[in-house]
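A short write-up of the structure that comes next.
Protein chains: 2
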Amino acid sequence: MIKQVLIGILCGAAVLTAGILIGHYGVTKSSAPSWVKDVAKDVDESLIERFLSEVDNIQIQENLRELTKVPHMATTAGDEQTVQLMLKRWQDPETGLDQAWREEYMVYLSFPDPKKPNKVTVVSPSDTVLYTARRKEKTYTSDEDDPEVVQPYAAYSPAGHPKGKLVYANQGKPSDYQRLNNTVDLRGTIAITRYGGAGRGAKAINAAPYGVIGVLVYTDPLDINDGLMSDINETFPHSWYMPPSGVERGSFNDKFGDMLTPYLAAKDETYRIPVENITGIPPIPIQPIGFEDAYALICKLGGKAAPEEWQGAFNCTYNVGGPGFQNSSAFSNSDVKLDIFNYEEKKNSSNVMGVIKGSVEPDRYVIYGNHRDSWVYGAIDPSSGTSVMLELTRVLGKMVKQGKWRPRRSIIFGSWGAEEFGLIGSAEYTEQYLTKLSHRTIAYINVDIAVFANATLRASGMPSLQNVIFKAAKQVDAPGLDSTSVYDNWIKYFNRTSQAHGFIPNVGYLSGAGSDYAAFVHYLGIPSMDISYTYDRSKTNARIYPAYHTAYDNFEYASKFIDPGFTSHQAIARTAGNVLIRLADSLLVPLNCSDYAETLEDYLNTAVTLYQHELQERNISMEPLKRAVASFRSAATHLDQVIRSSDLANETPLTVRRINDQLMLLDRAFLDPLAFPDKYAYRHVIWASSSAGKSTFPGLADAFANTESQSSAWDKVHYHLSVLSQAIEGAAHTLGDVI
Amino acid sequence: MIKQVLIGILCGAAVLTAGILIGHYGVTKSSAPSWVKDVAKDVDESLIERFLSEVDNIQIQENLRELTKVPHMATTAGDEQTVQLMLKRWQDPETGLDQAWREEYMVYLSFPDPKKPNKVTVVSPSDTVLYTARRKEKTYTSDEDDPEVVQPYAAYSPAGHPKGKLVYANQGKPSDYQRLNNTVDLRGTIAITRYGGAGRGAKAINAAPYGVIGVLVYTDPLDINDGLMSDINETFPHSWYMPPSGVERGSFNDKFGDMLTPYLAAKDETYRIPVENITGIPPIPIQPIGFEDAYALICKLGGKAAPEEWQGAFNCTYNVGGPGFQNSSAFSNSDVKLDIFNYEEKKNSSNVMGVIKGSVEPDRYVIYGNHRDSWVYGAIDPSSGTSVMLELTRVLGKMVKQGKWRPRRSIIFGSWGAEEFGLIGSAEYTEQYLTKLSHRTIAYINVDIAVFANATLRASGMPSLQNVIFKAAKQVDAPGLDSTSVYDNWIKYFNRTSQAHGFIPNVGYLSGAGSDYAAFVHYLGIPSMDISYTYDRSKTNARIYPAYHTAYDNFEYASKFIDPGFTSHQAIARTAGNVLIRLADSLLVPLNCSDYAETLEDYLNTAVTLYQHELQERNISMEPLKRAVASFRSAATHLDQVIRSSDLANETPLTVRRINDQLMLLDRAFLDPLAFPDKYAYRHVIWASSSAGKSTFPGLADAFANTESQSSAWDKVHYHLSVLSQAIEGAAHTLGDVI
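If you read the sequences in order, they're chains A and B.
The opening position of the first sequence corresponds to residue 35 in the working numbering, with each subsequent residue numbered one higher.
The opening position of the second sequence corresponds to residue 35 in the working numbering, with each subsequent residue numbered one higher.
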């Protein structure tokens with residue numbers, strides 16, 4: 035009986051089990067489609083750990099060595115070599131991207147004539163040449179001897195042969211020439227200026243109205259070398275400081291993108307404006323020289339001592355007056371003559387593009403880019419960034435090729451051409467693909483000069499990106515420090531107190547056009563960031579790393595003086611890559627809108643303090659702007675609450691997408707193509723460049739500054755207030771309940 | 035034993051069943067989340083049938099009766115009554131929308147002075163008034179006696195008192211004044227013009243350069259009444275024709291939106307341009323009069339017979355010359371004097387907004403709108419459309435309130451204010467909500483005058499909407515015809531042969547700014563359509579229905595002469611509602627990109643025929659444009675293939691969303707805020723207005739036309755070719771593979 039009962043129980047159990055199995059597997063019910071899991075997948079922290087561990091400093095070093103084998107100025111043979119290198123790496127079957135290709139633009143560049151080198155001479159009244167400035171930088175290593183090293187010149191300076199008395203004009207700011215003009219007749223003079231304080235081209239543009247006919251520019255050892263001058267033991271190759279013959283090259287135009295094809299991608303048959311219609315370039319010849327030559331000229335100048343703040347590091351008094359040289363000097367009564375043979379040419383410049391296609395939302399892009407072209411070897415500018423980018427793509431590419439990873443969103447890598455001539459490659463790219471990039475891009479990450487120095491991280495970007503940068507920086511070890519994160523080190527150098535977050539690292543703003551983020555920020559309104567490792571300011575006052583744009587910015591310089599061991603490069607690769615993966619993989623786009631609100635409130639408070647009183651006197655109300663900022667704050671708070679109270683992984687993917695779209699498109703709402711009629715391609719009302727130098731809404735600050743000179747300008751202040759208020763209200767609508 | 039076996043089998047079966055049940059319901063497996071079905075839901079055809087059957091002609095008639103009780107010119111008490119009506123209906127708990135509210139803008143309007151009515155007189159040399167034109171239209175029904183009937187005037191005509199010899203200037207086109215000026219000294223004259231051929235304000239703008247000091251405008255019976263003139267038996271109230279005293283009022287400005295706040299929503303504190311900076315309004319006084327008065331003036335004019343094509347329907351010869359009256363006439367040597375007392379005022383105008391919130395994609399909008407304001411009673415313009423909109427919202431609102439339906443996407447209804455003064459309410463709305471509307475709107479449907487006449491459907495819109503209009507029109511019965519669909523009737527009146535579809539109804543283009551679609555099409559690049567029932571052109575040559583903008587456009591007129599029984603209104607409500615539901619509910623957004631390609635190819639072929647030869651002579655290549663159109667076609671074909679080969683209901687919702695975004699954003703890619711620097715708010719390179727009158731790319735046609743007068747204009751042709759090619763390439767990128 036027991037046996038029968040047991041058999042019965044066993045049979046019953048078997049039948050029940052069969053039933054369960056049939057019920058579970060055999061009876062159709064609406065089982066979840068396979069994509070339900072995919073669409074809800076969030077960023078994988080273990081993958082980030084794996085990424086961080088695989089980023090290799092020696093790989094970066096070897097990337098740099100290869101990139102800096104020869105000079106690679108835009109459109110030269112050396113540039114083409116780097117194009118081929120990028121393509122080879124990105125098309126590598128083991129460690130490459132899904133696809134990589136080249137895109138070309140026919141762009142307007144400016145070069146010195148190798149057959150007729152530019153000349154700066156001191157010429158006596160009897161036309162004897164008393165002094166000739168160096169034509170090329172002094173050779174310390176074989177690198178400087180390469181015939182492909184471009185002679186120092188000012189790109190887009192017109193050719194010409196001005197001759198006149200020399201006068202020292204400090205930094206060539208409008209106020210400098212104005213001050214000088216009070217005591218010196220500048221007509222027919224040659225001005226010598228030092229770098230800093232004003233844009234390169236501005237030094238000539240500001241000079242011309244006073245009748246100045248030519249300009250020299252040099253780097254004062256005060257501004258770049260902490261005062262040091264001697265190449266016997268003080269400057270490169272003994273240290274990172276600029277040798278006396280070092281010359282900062284550069285583009286002397288003040289816009290970005292190809293100058294002949296404003297707002298249009300520079301394809302072969304694209305309409306080009308007449309060359310004479312170009313604005314923002316020097317109207318008179320200008321030439322950069324080394325401080326060795328500047329010393330020989332400035333210390334012989336006549337007149338009275340220049341103001342204290344005009345004095346540099348030379349062991350002589352910088353005089354203003356004359357104009358011209360001291361009578362007691364060897365150059366007495368002599369002129370300075372510039373013989374500039376620069377010429378312009380349309381040339382094909384290449385961007386190299388690569389993509390990793392997104393798995394779930396291929397129509398959402400995270401873009402990562404850097405320019406590829408340099409002035410000479412460009413070890414730091416830009417090849418430090420390119421070496422980092424190549425290491426990033428190697429590690430990510432390998433994971434993709436091995437089938438271990440595919441990002442949720444698509445990643446686009448851009449190796450931009452002709453940045454040094456005015457951010458041309460990136461600007462043309464955004465012009466060509468304006469609509470699809472505008473509609474689909476989550477963020478742009480720019481790593482140009484990856485390492486200026488090895489003290490600390492520096493980051494600039496939209497406030498909405500602050501949070502993801504913090505998160506990434508906390509997960510990366512600071513180079514050269516034990517158990518300190520990049521974040522913990524960073525906060526010691528750059529910090530502020532935030533209402534919402536307390537004591538945090540200070541993320542800067544991208545209000546200028548210093549690198550390829552410009553078109554993304556200003557023209558497209560895409561959340562962007564620029565990150566690098568940089569100086570300990572208690573240790574140097576150098577304007578920038580001293581070999582910047584000289585022939586000395588080579589592999590030896592980078593590996594010996596900037597980042598021996600390449601661990602700062604590694605830290606940047608890890609930090610930027612971590613941010614990149616989070617932007618590409620997070621279920622919720624990691625853009626924080628409340629952090630944006632904080633910036634708007636700061637701007638508003640400053641604006642109220644600076645302007646409200648005078649505006650009230652003219653019956654211009656700031657209330658619409660206050661209401662707009664308040665609407666923005668309230669919409670941001672609300673959206674953050676919605677996000678916090680949602681179980682996003684179990685929401686419909688369209689709900690997550692809706693929120694992500696709100697976050698992605700927030701910055702687009704700040705664009706107004708009519709907000710800055712005088713600023714080429716500036717459309718973002720919060721981040722546009724401003725000459726007023728106030729930490730507030732740029733258009734408002736500039737319009738307000740103009741009221742000092744023109745009384746009719748109050749209309750423009752009121753107009754811009756309305757533009758600004760409407761844009762901020764529009765941004766609030768973007769964040770608010772969608773209907 | 036049998037019993038035991040039976041019990042055993044029953045027990046076994048019971049256990050098995052229990053197991054199956056447990057297995058099916060009790061054991062967790064990844065079952066589909068509830069939203070999986072929702073996100074894949076497509077339009078429900080039975081719901082459309084239900085909608086069609088519930089649309090009621092008598093309801094529409096009663097809507098119209100209520101809307102036309104009193105005159106409701108923008109910002110008057112009558113306008114406020116219609117605001118209240120809209121709010122009441124849309125907030126009705128049984129048949130209303132989810133939400134409805136009012137939005138106000140402070141806009142710049144122009145009115146006649148009720149205390150100092152405008153006057154047109156004939157004055158003898160001795161200052162005797164020989165003739166005075168009617169100050170108001172003749173009374174046939176009590177309607178015309180309402181004190182709120184605004185006297186005939188030209189909105190935005192300046193006040194003034196010009197007096198001079200009268201001269202007939204045909205339609206006041208540039209060519210008309212030019213021709214006249216060959217034989218007549220126009221300085222100091224008053225021109226009398228007939229409606230048609232040129233915009234209202236243009237008749238004065240074109241005149242002023244010749245020294246004309248005032249303009250009259252009237253409607254010639256030839257153009258509106260098929261020649262008929264007598265109110266004894268021929269015109270209203272005996273027929274639909276305009277009585278002799280009828281006057282077409284109108285706005286005489288040539289832009290859209292509030293004139294003082296270009297590109298900015300006209301809020302109280304918004305910056306306003308100085309009134310003297312307004313352009314596009316008459317520089318000299320202008321006044322509309324009835325043909326009764328025009329007859330008394332024109333038939334007495336001296337000089338020689340005007341050209342044949344200048345002659346109207348009066349039983350006299352229209353003379354040009356003099357200027358002034360025949361010596362033999364009672365007005366010999368007399369002047370015509372205008373006393374215009376119009377004044378401008380900023381007034382609050384209201385839009386009434388209502389929404390039905392979308393269930394699955396609330397962040398995608400379909401917008402349906404019409405203006406609410408009229409010149410007088412506005413039974414046809416615009417209340418026929420508003421009656422239809424109210425019936426639509428009643429039927430849809432009821433389904434929503436009863437819980438029987440909620441659209442996939444959100445629907446926004448707009449009852450725009452101050453359209454008659456220049457599409458102001460809709461334009462301000464788009465300015466205020468620019469970014470969120472740009473980012474989220476699938477389409478805009480405009481039904482202004484729903485029924486011009488009861489012969490056939492007429493539809494205009496982006497070619498991508500053609501398909502959904504066809505689908506809807508096939509499902510609606512044509513009014514007054516047995517078993518004929520609106521589609522089958524339509525194709526008899528408007529048709530063409532398409533390469534892709536063969537013989538089909540012809541959908542027109544929205545290249546002008548004739549109604550509130552203007553800002554949506556031109557400024558925002560939103561796929562838009564405008565539909566109505568209209569004339570049998572074999573039966574009338576009337577420019578427009580004859581009571582247009584007169585006091586006679588009242589309920590009696592509409593119900594007796596335009597659509598007795600309101601079945602054409604019903605057909606429009608059904609057709610527009612069907613389109614609306616499909617746009618809101620279809621899983622795949624019903625926008626067909628290949629149909630857009632067909633239009634671009636037609637435009638290109640025309641452009642090549644018209645321009646290629648001359649362009650080649652100037653070394654301007656059309657190849658970039660040809661390549662762009664070919665790219666567009668190929669991207670469209672490819673996307674259509676992707677759609678056809680996809681099982682969208684089983685795809686991830688993000689894949690469907692991606693395709694829908696491509697279709698939605700296609701038109702945005704055609705926008706370029708810099709494409710038409712001289713055309714306010716025109717940004718769409720395909721649909722902008724054009725004065726060249728060619729069926730091709732408008733900016734290209736206009737630029738080409740300008741080369742006749744300025745040789746430097748070839749640069750502008752080349753420039754616009756590049757703008758256009760880049761925009762079309764951008765549109766192709768939008769449709770192409772997303773990465």
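For every residue, glycine included, the Cβ atom is placed at its ideal position computed from N, Cα and C.
Since the model is a prediction, treat every value here as computed from it, not as a measurement.
Rank A:Y399, A:L335, A:Y527 by C-alpha distance to the C-alpha of S362 of chain A and give the top, closest one.
Cα-wise, what sits closest to S362 of chain A is A:L335.
Give the DSSP-derived three-state secondary structure of T475 of chain B in the structure shown.
Looking at T475 of chain B - three-state DSSP - the assignment turns out to be strand.
When the Cα atoms are used, what is the spatial distance from Y165 of chain A to V157 of chain A?
Answer to the nearest angstrom: the Cα atoms are 7 Å apart.
If you compare alpha carbons, which of B:Y753, B:I390, B:V502, B:V73 is closest to I307 of chain A?
Comparing Cα-Cα distances from I307 of chain A to each of B:Y753, B:I390, B:V502, B:V73, the minimum goes to B:Y753.
Taking only beta carbons into account, state which residues of the region 671-682 of chain A come closer than 7 Å to chain B, listed in chain order.
So nothing in the stretch comes that close.
The alpha helix (DSSP H) that contains F504 of chain B, what's its start and end?
F504 of chain B -> alpha helix (DSSP H) spans 500-508.
Three-state secondary structure (DSSP) at G358 of chain B?
In the structure shown, G358 of chain B sits in coil (DSSP, three-state: anything other than H, G, I, E or B).
Give me the chain B residues within the contact set of P687 of chain A, using Cβ-Cβ distance strictly less than 9 Å, ordered along the chain.
Those are W69, V73, T686, P687, L688, R691, listed as they occur along chain B.
For H752 of chain A, go through chain B and note every residue whose CB falls closer than 7 Å to its CB, in chain order.
Ordered by position in chain B, the residues that pass the 7 Å Cβ test against H752 of chain A are Y305.
Grab the span of the alpha helix (DSSP H) containing W124 of chain B for me, first residue to last.
111-124 is the extent of the alpha helix (DSSP H) around W124 of chain B.
Assuming P658 of chain A is part of the alpha helix (DSSP H), what are its boundary residues?
Segment 657-678, the alpha helix (DSSP H) holding P658 of chain A.
Which residues in chain B sit within 8 Å of E657 of chain A, going by Cβ to Cβ distance?
Simply E303.
Buried or exposed, going by whether 16 or more other CB atoms sit within 10 Å of the CB of I92 of chain B?
Counting Cβ neighbours within 10 Å, I92 of chain B comes out exposed, since fewer than 16 surround it.
Going along the region 375-394 of chain A in order, which residues come within less than 8 Å of chain B, judged by CB to CB distance?
Within the region 375-394 of chain A, the residues whose Cβ lies closer than 8 Å to some Cβ of chain B are V389, K391, G392, V394, listed in chain order.
What are the uninterrupted segments assigned as alpha helix (DSSP H) that are 4 or more residues long and contained completely in the region 413-489 of chain B, given in chain order?
Within the region 413-489 of chain B, the complete alpha helix (DSSP H) runs of at least 4 residues are 417-435, 458-466, 468-474.
Taking only three categories from DSSP, how would you classify D749 of chain A?
Helix at D749 of chain A.
Would you please state the rounded distance, in angstroms, between the beta carbons of V394 of chain A and D90 of chain A? I believe it to be under 8 Å.
Not really, about 29 Å apart at Cβ, beyond 8 Å.
I need the boundaries of the beta strand (DSSP E) containing K334 of chain B, first residue and last residue.
Note, K334 of chain B: premise wrong, no beta strand (DSSP E); not H, not E.
Less than 8 Å between CB atoms is the rule here; does R136 of chain A satisfy it with respect to chain B?
Closer than 8 Å: no.
If you compare alpha carbons, which of B:R692, B:A669, B:G230 is closest to D210 of chain B?
Of the candidates B:R692, B:A669, B:G230, the one whose C-alpha sits nearest the C-alpha of D210 of chain B is B:G230.
At a CB distance below 9 Å, what residues from the region 752-768 of chain A approach chain B? Give them in sequence order.
Hits within the stretch, in order: H752, Y753, H754, L755, S756, V757, S759, Q760, A761, E763, G764, A765, H767, T768.
Grab me the residues of R616 of chain A's own chain with a C-beta within less than 6 Å of its C-beta, minus the 5 sequence neighbours each way, in chain order.
Around R616 of chain A: V77, V502, P624.
Under 7 Å Cβ to Cβ from L634 of chain B, same chain only, skipping five residues before and after it: list those, please.
Once the five neighbours on either side are set aside, the close Cβ partners of L634 of chain B are V663, F666, I762.
From this set, B:A585, B:T601, B:Y714, which residue's C-alpha is nearest A552 of chain B's C-alpha?
That would be B:Y714, whose Cα lies nearest to the Cα of A552 of chain B.
Using a C-beta cutoff of 8 Å, does T469 of chain B count as contacting chain A?
At least one chain A Cβ lies under 8 Å of T469 of chain B.
Taking the alpha helix (DSSP H) that A618 of chain B belongs to, which residues open and close that run?
Run containing A618 of chain B: 601-619, per the alpha helix (DSSP H) assignment.
For V309 of chain B, which three-state DSSP category applies?
Here V309 of chain B sits in helix by DSSP.
Got a sec, what are the start and stop residues for the beta strand (DSSP E) T531 of chain A sits in?
Looking at the DSSP string, the run of the beta strand (DSSP E) that includes T531 of chain A is 529-532.
Tell me the rounded alpha-carbon separation between G542 of chain B and A737 of chain A.
Answer to the nearest angstrom: the Cα atoms are 45 Å apart.
Hey, does D695 of chain B have any beta-carbon neighbour from chain A nearer than 8 Å?
It does: the Cβ of D695 of chain B has a partner Cβ on chain A nearer than 8 Å.
At a cut-off of 7 Å, is Y297 of chain A close to the ligand GTP when judged by its beta-carbon and the heavy atoms of the ligand?
In the structure on display, the ligand GTP does not appear, and there are no ligands present to speak of.
Could you spell out where the alpha helix (DSSP H) holding N694 of chain B opens and where it closes?
Element bounds for N694 of chain B: 687-699.
Indicate whether at least one CB of chain A lies closer than 8 Å to the CB of S746 of chain B.
No - not a single Cβ of chain A is within 8 Å of the one on S746 of chain B.
Measuring straight from C-alpha to C-alpha, what distance separates R492 of chain A and D180 of chain A?
Going by the C-alpha atoms only, they are around 34 Å apart.
Could you tell me the alpha carbon to alpha carbon distance between E685 of chain B and A74 of chain A, rounded to whole angstroms?
Looking at the two C-alpha atoms, the distance is approximately 15 Å.
Taking the beta strand (DSSP E) that V642 of chain B falls in, what are its first and last residues?
First-last for V642 of chain B: 627-651, but that is the alpha helix (DSSP H), not the beta strand (DSSP E).
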